[in-house]
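Written out below as structure tokens is the structure these notes cover.
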DNA sequence: GGCTTCAATGCAATAAATTTGCATCAAAGT
DNA sequence: ACTTTGATGCAAATTTATTGCATTGAAGCC
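Protein chains in written order, with my numbering: chain A, 47 to 188; chain B, 47 to 188.
Put into structure tokens, the structure is as follows:
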């Protein structure tokens with residue numbers, strides 16, 4: 047849940063028109079406390095507003111490309127989407143439960159990743175460092 | 047390239063029959079210096095021995111399940127496969143080039159991940175911590 | 001030897017997630 | 001009004017992986 051982000055502002059800062067659909071996709075992602083799949087986002091929106099699946103994919107691509115949204119890989123087949131790092135969202139690792147598919151955010155410092163040396167020495171461009179913990183969540187352990 | 051692993055031994059240690067196909071899949075993965083996609087492995091094998099795509103998938107599932115092989119997610123759609131951590135293969139991060147799809151292994155200490163606290167406190171089961179660096183590789187930068 | 005069993009493999013069809021191509025529509029210029 | 005342009009929708013295609021069922025060949029048993 048993000049009370050601090052203003053989605054219209056985020057969009058206009060990225061020089062993107064704040065269409066209803068874009069705002070809604072961004073809201074669904076930003077107001078959720080864990081990352082969601084494209085299918086989740088589509089289902090949530092379509093229940094209330096009627097939107098096409100492809101439109102959701104296209105908006106997600108756009109938001110990822112403009113770095114408002116982060117495309118996160120899972121141990122499964124689909125990508126998940128969460129807010130990209132910004133003033134209110136620091137990079138953090140995720141936990142993926144291979145039983146139920148739920149993805150949770152871990153606190154930024156639950157794992158300590160020191161990537162400084164790599165950034166200095168890597169002979170190419172680094173865009174992001176993704177850290178994912180795979181396993182079985184508390185609920186599924188029962 | 048792994049000179050130290052004996053693939054028959056690995057298979058039998060996991061109580062799996064060392065069929066030709068299983069050995070070949072394991073060899074292709076183990077003898078390669080970076081992870082490969084199922085399609086890569088299939089193409090490599092099919093050129094020489096004639097094998098079915100589905101057989102490759104099934105063997106990969108089996109090897110992953112028995113922890114001989116590691117299924118690695120990419121910034122793309124397909125999974126990649128590399129040797130699972132063992133005496134000769136330490137866990138390490140990977141670099142994924144989003145332009146050409148090439149995945150490289152980074153040295154185990156190129157990024158320093160301290161996950162000790164998490165293992166202690168996490169209320170569920172942790173199977174692995176995957177660290178992936180995304181960006182554009184040296185070659186694609188030109 | 002002949003019979004049964006069973007795991008490994010192959011082949012065809014299907015599924016899941018995403019992408020592409022093309023049509024439409026509405027707002028912004030001119 | 002006329003044209004352009006970007007956003008969206010719809011249907012079809014693509015990519016990657018999985019399922020169901022048939023075949024085969026070796027291992028055990030009478």
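Backbone N, C-alpha and C define an ideal beta-carbon position, used for all residues, glycine too.
Residue nearest to residue i in terms of C-alpha spacing, selected from the options
{"i": "residue 156/A", "options": "166/A, 140/A, 146/A", "result": "140/A"}
{"i": "residue 115/A", "options": "160/A, 76/A, 65/A", "result": "76/A"}
{"i": "residue 58/A", "options": "85/A, 104/A, 112/A", "result": "112/A"}
{"i": "residue 134/A", "options": "168/A, 154/A, 96/A, 160/A", "result": "154/A"}
{"i": "residue 94/A", "options": "66/A, 110/A, 108/A, 109/A", "result": "66/A"}
{"i": "residue 150/A", "options": "160/B, 147/B, 150/B, 168/B", "result": "168/B"}
{"i": "residue 136/A", "options": "61/A, 143/A, 176/A", "result": "176/A"}
{"i": "residue 174/A", "options": "48/B, 128/B, 184/B, 143/B", "result": "143/B"}
{"i": "residue 70/A", "options": "148/A, 60/A, 88/A", "result": "88/A"}
{"i": "residue 148/B", "options": "184/B, 49/B, 51/B, 130/B", "result": "184/B"}
{"i": "residue 61/B", "options": "132/B, 50/B, 108/B", "result": "108/B"}
Span of the alpha helix (DSSP H), counted from its first residue to its last, around residue i
{"i": "residue 54/A", "result": "53 to 59"}
{"i": "residue 67/A", "result": "66 to 76"}
{"i": "residue 95/A", "result": "84 to 95"}
{"i": "residue 145/A", "result": "Here residue 145/A belongs to no alpha helix (DSSP H), and DSSP marks it neither H nor E."}
{"i": "residue 123/A", "result": "Per DSSP, residue 123/A belongs to no alpha helix (DSSP H) and is neither H nor E."}
{"i": "residue 107/A", "result": "99 to 111"}
{"i": "residue 164/B", "result": "162 to 167"}
For residue j and residue i, believed in contact at Cβ under 8 angstroms, the rounded distance
{"i": "residue 126/B", "j": "residue 82/B", "result": "6 angstroms"}
{"i": "residue 119/A", "j": "residue 119/B", "result": "4 angstroms"}
{"i": "residue 171/A", "j": "residue 181/B", "result": "5 angstroms"}
{"i": "residue 91/B", "j": "residue 100/B", "result": "Their Cβ separation, rounded to whole angstroms, is 13 angstroms, which puts residue 91/B and residue 100/B out of contact at 8 angstroms."}
{"i": "residue 105/A", "j": "residue 68/A", "result": "5 angstroms"}
{"i": "residue 124/A", "j": "residue 85/A", "result": "7 angstroms"}
{"i": "residue 110/A", "j": "residue 159/B", "result": "No, residue 110/A and residue 159/B are not in contact; Cβ-Cβ is about 25 angstroms, not under 8 angstroms."}
Limits of the beta strand (DSSP E) - the one that residue i falls within
{"i": "residue 48/A", "result": "It is not in any beta strand (DSSP E) - residue 48/A carries neither H nor E in the DSSP assignment."}
{"i": "residue 176/B", "result": "171 to 182"}
{"i": "residue 126/A", "result": "126 to 129"}
Any C-beta of chain A under 8 angstroms from that of residue i
{"i": "residue 107/B", "result": "no"}
{"i": "residue 154/B", "result": "no"}
{"i": "residue 55/B", "result": "no"}
{"i": "residue 131/B", "result": "no"}
{"i": "residue 82/B", "result": "no"}
{"i": "residue 166/B", "result": "no"}
{"i": "residue 180/B", "result": "yes"}
{"i": "residue 188/B", "result": "no"}
{"i": "residue 128/B", "result": "no"}
{"i": "residue 163/B", "result": "yes"}
{"i": "residue 137/B", "result": "no"}
{"i": "residue 177/B", "result": "yes"}
Close Cβ partners of residue i (< 8 angstroms) along its chain, the five nearest in sequence each way excluded
{"i": "residue 152/B", "result": "138, 139, 140, 141, 179"}
7 angstroms Cβ shell around residue i - same chain, five flanking residues per side excluded
{"i": "residue 64/B", "result": "54, 57, 58"}
{"i": "residue 165/A", "result": "172"}
{"i": "residue 48/A", "result": "76, 77, 129, 134"}
is_contact[residue i, chain B] using C-beta, thresh 8 angstroms
{"i": "residue 89/A", "result": "no"}
{"i": "residue 158/A", "result": "yes"}
{"i": "residue 79/A", "result": "no"}
{"i": "residue 174/A", "result": "yes"}
{"i": "residue 149/A", "result": "no"}
{"i": "residue 184/A", "result": "yes"}
{"i": "residue 119/A", "result": "yes"}
{"i": "residue 170/A", "result": "yes"}
6 angstroms CB neighbourhood of residue i in its chain, flanking five on each side removed
{"i": "residue 145/A", "result": "182, 186"}
{"i": "residue 161/A", "result": "175"}
{"i": "residue 51/A", "result": "76, 134"}
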